[in-house]
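Quick notes on the structure that follows.
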Amino acid sequence: MDSLVWLETKNNLKRAGGFLKIKEDVGFCLNFNLSIQGIQNLQMKSLFFIIALLFSITSIAQVSCELLVNDFKVVSDSTIAYDSFIDENKKIGRIENSKSEFEIRYYYSPSLVNGGKVTIITCIDGNLQAKKIDYWFNPKKPYDKWKINKVEITELTPSKSWPSFFHSLDSMNFFEFPTMDEVRPRMIKYMLLADGRTVEKRSQIMDGANYTYQVKVDNNIRTFSYHSPMAWYQVYDNVEELKIADDIKNLFVNGLKPKD
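With the sequence shown counted from 1, adding 954 to any position gets you our numbering.
In structure tokens, the structure reads:
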């Protein structure tokens, strides 16, 4: 069972009137602490279990924000490093102005294209929501004049479940993931020349895409970016963080889907 599912189930069952007791001897075991006077048949016991389980499931939606804020922490940047024309659009806005208790943003900014995408996951008043905003702008204007002139908003839902999605993020150390600048000193490889000399192998990736992430937990905000991590990993396969950065990107692409 997902660790986050276990945590949510455990916390919510404890709140279900005190008549359930969680026991963790082997795997996931539920022992009923019921006064079973008058409940002598299996059908009645099953009914009580179903009622308790439904209570737990409906309660999870009410405490999701609290659990996320308590379980995931970030260290604030000394300055908010990401500031672009994208956040000036009123449909997107700046993360520091968001009313959310917990928020994650994923910015996909391809090179040489007049548009991009922003995925925003928010938790406000116990309500966990996600949306993708496709945007377009006029690239013929000077960069400092760029302005979004069209957006399309798609409501999203997790491909599996929210607990599974956040468990995957946590397993990749997303909330403390190093920046690309922090791993860059290890992006070094050497090559042997025909004359026997060993020199540093230098690589450049001019185009590609930037993937920027912003995380807000309470009033703490963190930002980090990666440029074409898989392309760089094919050169510097000694830097595992480049591959994980690509896995994080893939989670936002494949781990969320349009709502039916």
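Beta carbons: idealized from backbone N, C-alpha and C, even for Gly.
In the structure shown, Lys1085 falls within a strand segment according to DSSP collapsed to helix, strand and coil. In the structure shown, the three-state DSSP call for Lys1213 is coil.
Within the same chain, and ignoring the five residues on either side of Thr1152 in sequence, the residues whose Cβ sits closer than 8 Å to its Cβ are Tyr1144, Met1145 and Leu1146.
By the Cβ test, the region 1116–1123 is not in contact with the region 1093–1105, since fewer than three Cβ pairs between them sit closer than 8 Å. Asp1149 and Met1184 have their alpha carbons spaced roughly 32 Å apart. Inclusion of Thr1177 and Asp1031 in the CB contact set at 8 Å is warranted, their separation being smaller than that value. Per the coordinates, the alpha-carbon of Ile1046 lies some 8 Å from the alpha-carbon of Ile1087. For Gln1188, the secondary structure class from DSSP, reduced to helix, strand or coil, is helix.
A distance below 7 Å between beta-carbons, with the five flanking residues on each side excluded, links Ser1054 to the following residues of its chain, in chain order: Thr1076, Cys1077, Ile1078 and Lys1170.
Sixteen is the threshold: since fewer than 16 other Cβ atoms of the shown chains lie within 10 Å of the Cβ of Ser1125, the residue is exposed. The three-state reading of DSSP puts Arg1176 in strand, counting E and B together. Under the three-state reduction of DSSP output, Asn1103 falls in the strand class. Going by C-alpha positions, Val1105 is about 11 Å away from Ile1040. The bridge partners DSSP lists for Tyr1061 are Val1072 and Thr1166. With respect to the C-alpha of Val1028, the residue from Lys1211, Glu1136, Pro1132 and Asn1192 having the closest C-alpha is Pro1132. The C-alpha of Asn1192 is placed about 12 Å away from the C-alpha of Pro1139.
A distance of 8 Å or more separates the beta carbons of Thr1073 and Lys1213. For His1121, DSSP assigns no beta-bridge partner whatsoever. In this chain, the alpha helix (DSSP H) harbouring Val1137 covers Met1134 to Val1137. Sequence-distant partners of Ile1102 (beyond 5 residues in either direction) whose C-beta falls short of 6 Å from its own C-beta, in its chain, are Asn1043, Tyr1089 and Phe1091. Contact annotation, Val1023 with Asp1172: C-beta distance approximately 6 Å; criterion of less than 8 Å satisfied. Taking C-beta atoms as the reference points, Gln1188 and Ile1049 fail to come closer than 8 Å.
Apart from sequence neighbours up to five positions away, the residues of its chain that approach Ser1122 with a beta-carbon distance below 6 Å are Leu1205, ordered along the chain.
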